[in-house]
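Counting along the sequence shown from 1, when you hit position 13 you're at 13 in UniProt numbering, and nothing is skipped either side. Ideal placement from N, C-alpha and C gives every residue a C-beta, glycine not left out.
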Amino acid sequence: MSERKYEIEKFNGSNNFVLWSIKMRALLILQCLAKALDGKDELPIIMKASKRIELMERVKSTILLNLSDEILIEVAEEKDAAMLWAKL
1 MSERKYEIEK
11 FNGSNNFVLW
21 SIKMRALLIL
31 QCLAKALDGK
41 DELPIIMKAS
51 KRIELMERVK
61 STILLNLSDE
71 ILIEVAEEKD
81 AAMLWAKL
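Rendered as structure tokens:
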């Protein structure tokens with residue numbers, strides 16, 4: 001089975017955030033990463049700490065890569081994916 005690549009327009013502050021966030025959440029769902037948007041405390045208890053960290057890093061990276069430079073510079077210091085998502 002081949003892996004499909006999905007691209008969405010980067011959020012730049014002037015395009016529609018609601019539509020971008022819907023597409024971004026859909027992308028994260030396809031990658032089995034969306035649960036991390038609820039915060040690390042919402043991840044399954046049985047998940048190892050190292051896997052939790054890896055998941056949160058993957059989500060944060062995916063979001064950061066879908067932001068324009070102007071928005072990226074404003075949110076790059078956020079510590080985890082849930083805080084980044086909330087700031088956007």
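Taking C-alpha positions only, Val18 is separated from Asp41 by approximately 25 angstroms.
Between Leu55 and Leu88, the C-beta spacing is not below 8 angstroms.
Residue range 17–30 is occupied by the alpha helix (DSSP H) that includes Phe17. In this structure, Asn66 lies away from Lys5, with their beta-carbon atoms at least 8 angstroms apart. Closest option to Leu64, judged by alpha-carbon separation, among Asp38, Ser14, Met83, Lys35: Met83.
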